[in-house]
Amino acid sequence: MRRPTSFLLTALLAVIAASGAGCSCGRRRPPAEKQSHRAVVTERFVDLASDGRLTIRSTDGPIRVRGADVAQARVGKTIQAGRLSASCPLGATWAEGPRRRGRRLTTRRRRVARGWGAWYRVTRVARLRAPDAMGPTVSVHGCATYAESRAAIERALASSGLGDRLRGKRVLLKPNLMKGAAPERCTNTHPDFVGALTGALVAAGSEVLVGDSSGLLGFTDEVFEASGVAAAVRAAGGTVVNLDAGPFATVPVTGMIRRSFVLPRVLFEVDAVVQVPKLKAHSLTVISAAMKNLVGVMPGATKCALHVTAPAPRDFAHGIIDLFLALDAGGAHLEGAVVDAVWALAGRDGRDQPVVRRPGLVVAGGDLTAVDVACARVLGLDPGSVPTIRAAAQRRVGPATLDGAVLQGDPLPRCAEPAPGCPPGLKERSLLAARAHYWMRGRIVLPEHDPSRCTGQHRCVEVCPVDAIRFEGRRAVISEKCIDCYACHEQCPTGAMRLRTPWPLRGVLRQRAEGLDVSKVAGGSGA
């Protein structure tokens, strides 16, 4: 039997340990009060260097942030250390404290480290909104044909509030351009839809860029032309942007799957980024809409690298949330989404042929996750079965339901028959097969240098985001650090930086190209 004294002593030590009042090796414990800091942001400076350092200039002087995250605070807004400030629409959780030998002051989740001192460490980048009892706004408007899409899009922009927020600004529209397939196959955002949205924004005084990195690696320009999107954008007064061409920024983020992303700088230079996806069923994420469409901002084969890192649906969904937070933290203004749901890809049949339905809708809103919830209901699917919606709700990025949301326009239609979805293949049933599939897809085209065409301008060295290219004499040597973003190929003024396809994958390239001319690829052949 324990002695009472020993029992009481053990209990006392346990209480002291739980309260954090442990021994400090004979040194006097500093006061527990945390130094408060409250200031108004006067200027924001984000350093996208690899060390992830950030300085926020405020009325109380510069605030130096140390850590692996990049945070953002908007000019004219109030920030306060030690808690999330509801008055700041985009911000970060801060932890105060001095450096201590042998002790890390980083925190987990939303818990703020207690301490004292005058320096700050970012512990979590968060998307904050001012209190709104009504919740996010989702706009749904009927659109029977693409000939009527301009009027329906204008109504959706007005009722969702996107029209007012985008008026007169420099806007980047991000459609979904997977392949050079015909619009009837519902693989891509319909060109008439993209053209109508571009025209509506140009008429409102906005400068419109339309950018993507195609799912057909190395053929973004060709897919823009073959899909008809490039012609529609130019006719409407917009500009086409190849997101594979760079320049790029490496954006750090404390994520569950990734610690950094290489992203096109244009995303952080425009005033607003709007997702313009095609509503589709998806074998991995159940639906492909606003959140899934974000993957297309990753250049070249870096998209495949995310699949290889996170082949399981849950992990891949959290990788998308990491990307969302990196965009938010790096300074991209993700204003919302306008979804092409006039025609929708409801899934594939047993012969792997597309199952096309015609909901006849335009869905728009400022909250990407809320828009996805509405899109899942349009296809007759349970939003709770969508991994990106679950991951967003778990990490407090967006809602899991439309409870409390403001629905504008037409009511959401009741789907008589749920979408059949995409039957799972081998890569959906086996993580090893998924990794092998996307590893192979990421190597369908690889950059290679042709010294006979090179004039020594070294544009490829300047644009490479990972310093993977060096010259030995007249020949460019590409190291293993190459991430296959294809910026060297896109920026080479003489065509010396070409693309090649390993011979075992040449048949796969021709099959995925769907009739496009692939003769520019060494080892490929014309359509």
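For the sequence shown, position 276 (counting from the first letter as 1) is numbered 271 according to the working numbering, and the numbering increases by one without interruption.
Just so you know, even glycine gets a beta-carbon here, dropped at the ideal spot from N, CA and C.
Quick test of your reading: V373 and P349, contact by CB under 8 Å. State the CB separation rounded to the nearest angstrom.
Their Cβ separation, rounded to whole angstroms, is 17 Å, which puts V373 and P349 out of contact at 8 Å.
Buried or exposed: which applies to P364, given that a residue is buried once 16 or more other Cβ atoms fall within 10 Å of its Cβ?
Note on identity: in this sequence residue 364 is Thr, with Pro being the wrong assignment. Per the 10 Å Cβ criterion, buried.
Taking its Cβ as the centre, do 16 or more other Cβ atoms sit within 10 Å of W498, making it buried, or is it exposed?
Flag for W498 reads exposed.
Considering just the uninterrupted stretch of the beta strand (DSSP E) at E443, what are its terminal residues?
First-last of the beta strand (DSSP E) with E443: L441 to H444.
Closer than 6 Å by C-beta to C410: which residues in its own chain qualify, once you throw out the five before and the five after it? Chain order, please.
Here the set comprises G375.
Using a Cβ-Cβ cutoff of less than 7 Å, which residues in the same chain neighbour R103 once the five nearest sequence positions on both sides are dropped?
In this predicted model, R103 has a pLDDT of only 31, less than 50, meaning its place in the structure is not dependable enough to derive any value.
Report buried or exposed for R253, applying the criterion of at least 16 other Cβ atoms within 10 angstroms of its Cβ.
Under this definition R253 is a buried residue.
Where does E457 sit, in a helix, a strand or coil, going by DSSP?
Helix at E457.
Which residues mark the beginning and the end of the alpha helix (DSSP H) in which W434 is found?
Unbroken alpha helix (DSSP H) run through W434: L426 to R436.
Who does G360 pair with in a DSSP beta bridge?
Bridge partners of G360: V133 and A332.
Which of the three DSSP states, helix, strand or coil, is assigned to K273?
Strand.
Closest by CA to N183, which one among S144, V271, I316 and C477?
Per the Cα distances, V271.
Could you give the DSSP three-state label for T245: helix, strand or coil?
Three-state result, T245: strand.
Checking 8 Å against the spacing of the C-beta atoms, do P247 and R430 come in under that value?
Contact: no.
Give the secondary structure of I252 by DSSP, where H, G and I count as helix, E and B as strand, and everything else as coil.
Here I252 sits in coil by DSSP.
Between which residues of its own chain and A336 is the CB-CB distance below 7 Å, once the five residues before and five after are set aside?
So the qualifying residues of the chain are L274, P354, L356, V357, V358, C370 and V373.
Quick one: residues in its chain with C-beta nearer than 6 Å to the C-beta of P446, no 5 flanking neighbours on either side, listed in chain order?
Taken in chain order, the residues that qualify are R469 and R470.
Candidates P170, H313 and A508: which alpha carbon is nearest R391's?
It is H313 whose Cα lies nearest to the Cα of R391.
Identify whether I315 lies in helix, strand or coil by the three-state DSSP scheme.
It is helical.
Helix, strand or coil: which one does DSSP assign to A146?
The answer is helix: DSSP assigns A146 an H, G or I state.
Within 8 Å, do at least three Cβ pairs link the region 470 to 483 to the region 327 to 343?
Verdict: no, contact absent.
Starting from L168, follow its DSSP beta bridges and name the residues at the other end.
Per DSSP, V205 and V269.
Cα separation between S154 and S134?
Roughly 6 Å separates the two Cα atoms.
Going by the CB atoms, is the gap between F219 and A225 shorter than 8 Å?
Yes. Within cutoff.
Taking just the CA atoms, how far does D362 sit from W434?
Roughly 32 Å between the two C-alpha positions.
Could you name the residues that DSSP lists as bridge partners for G342?
The partner list for G342 (beta bridge, DSSP) reads V350 and G416.
Spatial neighbours of E443 within its chain, please: CB distance less than 8 Å, with the 5 preceding and 5 following residues excluded, ordered by chain position.
Cβ neighbours of E443 beyond the five flanking positions: I473, M492, R493, L494, R495 and A517.
Going by C-alpha distance, which of A177, R165, H185 and A221 is nearest V513?
Comparing Cα positions, the closest option is A221.
Identify the continuous alpha helix (DSSP H) that holds Q506 and give its terminal residues.
Element bounds for Q506: R501 to A508.
Rounded to whole angstroms, what is the Cα-Cα separation between T132 and L157?
Going by the C-alpha atoms only, they are around 10 Å apart.
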